[in-house]
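Structure, as structure tokens:
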Amino acid sequence: MASIRQFQVTFDCAEPERVARFWCEVLGYVGPPAPEEFATWDDSARSLPPEQEAAAFVCVDPSGVGPRLFFQRVPEGKVVKNRLHLDVRVGTGLVGEERLATLDAECARLVAIGAVRVRLLPADEDNESCIVMQDIEGNEFCLD
13 MASIRQFQVT FDCAEPERVA RFWCEVLGYV GPPAPEEFAT WDDSARSLPP EQEAAAFVCV
73 DPSGVGPRLF FQRVPEGKVV KNRLHLDVRV GTGLVGEERL ATLDAECARL VAIGAVRVRL
133 LPADEDNESC IVMQDIEGNE FCLD
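All you need for my numbering is the position in the sequence shown, starting with 1, plus 12.
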């Protein structure tokens, strides 16, 4: 049986391009080039029926290692806690005050681009500290 080596993470959202650009900034991802027949993504969007304009956006890891992120417009807003969330790994291998300082610095950077700090989950016997946050549409993620 073959195993899956690639996957895509899909976000339901109200404003796909805005949320995608936020995550590009968080992760160092980029938008893919416009389709070959168009000079820009705006030109491509203008070729679509109005109901399909700005309905989706993609961002990719420029190194090709991380998963593709797909953002699709949905009519309903977020109501409850995510059943799945991303852990943004900025403190790997760090402990104690050094870890907290690194998490706090990244948290400040992300708050400046629209994220919301929710709470610090302090270290315990099993886990190091992490910071629970929300993206610009309220989707939870952790700085870990």
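All residues carry an ideal CB built from backbone N, CA and C; glycine is no exception. Just so it is clear, the structure is predicted and the values come from calculations on it, not from any experiment.
Open item on the list: Measuring only the C-alpha atoms, how far is P74 from V42?
Closed with: Taking the sequence shown and counting its residues from 1, one reaches residue 74 at position 62. Taking the sequence shown and counting its residues from 1, one reaches residue 42 at position 30. Each residue's Cα considered, the two are about 6 Å apart.
TODO: Evaluate contact between the region 110 to 129 and the region 139 to 146, counting only Cβ atoms and requiring at least three cross-stretch pairs below 8 Å.
DONE: yes
TODO: Look up T104 in the DSSP assignment and give the residues it is bridged to.
DONE: What you label residue 104 is simply residue 92 of the sequence shown in a count that begins at 1. Beta-bridge pairing links T104 to no other residue.
Task: Minimum length 4: unbroken alpha helix (DSSP H) runs contained in the region 69 to 129 - done: 108 to 124
Open item on the list: On the DSSP bridge list, what partners appear for I143?
Closed with: Numbered from its first residue, the sequence shown carries residue 143 at position 131. Bridge partners of I143: L132 and L155.
Open item on the list: Under 8 Å, Cβ to Cβ, is there at least one residue of chain C near E49?
Closed with: Protein chains in the displayed structure number just one, and chain C is not present.
Open item on the list: Short of 8 Å in beta carbon distance, which residues of its chain neighbour V86, apart from the five on each side in sequence? Order them along the chain.
Closed with: Locating residue 86 in the sequence shown gives position 74, counting from the first residue. For V86, where only same-chain residues beyond five positions count, the Cβ hits under 8 Å are D24, C25 and A26.
- [ ] Taking the CB atoms as reference points, tell me whether A66 and A57 lie closer together than 8 Å.
- [x] Residue 66 sits at position 54 when you count from the first residue of the sequence shown. Residue 57 sits at position 45 when you count from the first residue of the sequence shown. Contact flag set, yes.
- [ ] With distances taken Cα to Cα, identify the nearest neighbour of F82 among F19, L115 and G103.
- [x] What you label residue 82 is simply residue 70 of the sequence shown in a count that begins at 1. Measuring from the Cα of F82, the nearest candidate turns out to be F19.
Task: T114 beta carbon less than 8 Å from that of V102 - done: Counting from one through the sequence shown, the residue named residue 102 turns up at place 90. Counting from one through the sequence shown, the residue named residue 114 turns up at place 102. Contact flag set, yes.
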